[in-house]
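Here the structure is laid out as structure tokens; the discussion comes afterwards.
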Amino acid sequence: MGAWAYPFLVACGLLCVAGVAKLADPTMTVGALDRLGVHVAPSTMRFGGGAEALLGATAAVTALSWIAALVAVSYGMFGVFVVVAMVRGAPIGSCGCFGRADTPPSVVHLLVDVVAIVAAVGVVRGEGGGLAAELDGRALAGVPFLALVGVGVVVAYLVMTRLARYLVNASGR
């Protein structure tokens with residue numbers, strides 16, 4: 013198992029969840045981008061959500077270097093959006109990452125983005141693999157590892173939604 017496999021697979025899972033959410037309902041993402049002066053049609057955002065989910069799934073399965081690099085670039089773009097929203101003090105209650113889920117741009121969000129970038133770069137450097145490589149030879153056909161990745165995705169989702177919302181409310185922003 014490569015050192016960055018687990019966080020990379022969690023990052024890929026988050027891409028899948030976020031992409032499917034945008035595909036289902038791009039309203040919050042379109043609104044968040046609009047508040048920053050970037051006008052995107054809902055149909056374009058749905059396409060982007062589908063591409064995001066496809067990237068997450070493909071990266072998780074293959075962990076090819078160039079696809080892992082696209083994962084790093086994606087999280088880099090998300091990070092830039094969060095920083096711009098925070099610096100401008102834009103009235104964004106949700107960045108739209110997870111569709112309707114309330115996901116405020118926050119330092120917590122930015123930290124998740126940075127960890128995902130570092131994990132993806134680790135995989136680009138050959139220090140992690142996709143599901144096929146990571147499940148090969150694991151006990152119980154890798155089911156416990158897959159469950160752990162699922163738990164990681166849920167925890168990261170909760171950190172980006174619930175914890176971020178709590179911290180933003182506690183700070184009075």
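Under this note's numbering, the first residue of the sequence shown is numbered 13, with each subsequent residue one higher. Glycine included, each C-beta is placed from N, C-alpha and C at the ideal position. Small disclaimer: the values here were computed from a predicted structure and weren't measured.
- Which residue from Leu-123, Val-155, Ser-86 puts its Cα closest to that of Leu-66? Among Leu-123, Val-155, Ser-86, the Cα nearest to that of Leu-66 is on Ser-86.
- Query: Cα separation between Asp-37 and Thr-173?
  - Reply: When rounded, the distance between both Cα atoms is 17 Å.
- Message: Does Thr-115 pass the burial test, meaning 16 or more other C-beta atoms within 10 Å, or should it be called exposed?
- Response: Flag for Thr-115 reads buried.
- Task: Excluding the 5 residues preceding and the 5 following Ala-75 in the sequence, name in chain order all residues of the same chain whose CB lies nearer than 6 Å to its CB.
- Result: Closer than 6 Å at the Cβ level, and outside the excluded window around Ala-75, lie Val-135, Gly-141, Gly-142.
- Task: Indicate whether Gly-130 and Val-22 have their beta-carbon atoms separated by less than 9 Å.
- Result: A small correction: the amino acid at residue 130 is Val; Gly does not occupy that position in the sequence shown. The answer is no: Cβ separation not under 9 Å.
- Message: Tell me the DSSP secondary structure of Ser-106 in three-state form.
- Response: Here Ser-106 sits in coil by DSSP.
- CB-CB length for Ala-17 against Glu-64, believed under 8 Å: In fact, because the Cβ distance is near 21 Å, the residues do not count as touching under 8 Å.
- Inspect the beta-carbon positions of Ala-168 and Gly-25 and report whether they are closer than 9 Å. It is a contact, given that the beta carbons lie within the stated cut-off.
- Query: Expressed to the nearest angstrom, what Euclidean distance is found between the alpha-carbon atoms of Phe-90 and Arg-47?
  - Reply: Straight-line Cα distance between these residues: approximately 15 Å.
- By how many angstroms is the C-alpha of Val-99 removed from the C-alpha of Val-119? Val-119 and Val-99 have their C-alpha atoms some 11 Å from each other.
- Message: Between which residues of its own chain and Phe-110 is the CB-CB distance below 6 Å, once the five residues before and five after are set aside?
- Response: Cβ neighbours of Phe-110 beyond the five flanking positions: Ala-30, Ala-33.
- Item | Whole-angstrom distance between Ser-55 and Val-124, CA atom to CA atom | Taking the straight line from one Cα to the other gives about 27 Å.
- How about Cys-107 and Met-57: are their beta carbons less than 9 Å apart? No. Outside cutoff.
- Item | Reference Ala-15, options Leu-152, Gly-138, Trp-78, closest by Cα | Distance from the Cα of Ala-15 is smallest, within the candidate group Leu-152, Gly-138, Trp-78, for Gly-138.
- Item | Whole-angstrom distance between Val-83 and Phe-93, CA atom to CA atom | Those two C-alpha atoms are separated by around 15 Å.
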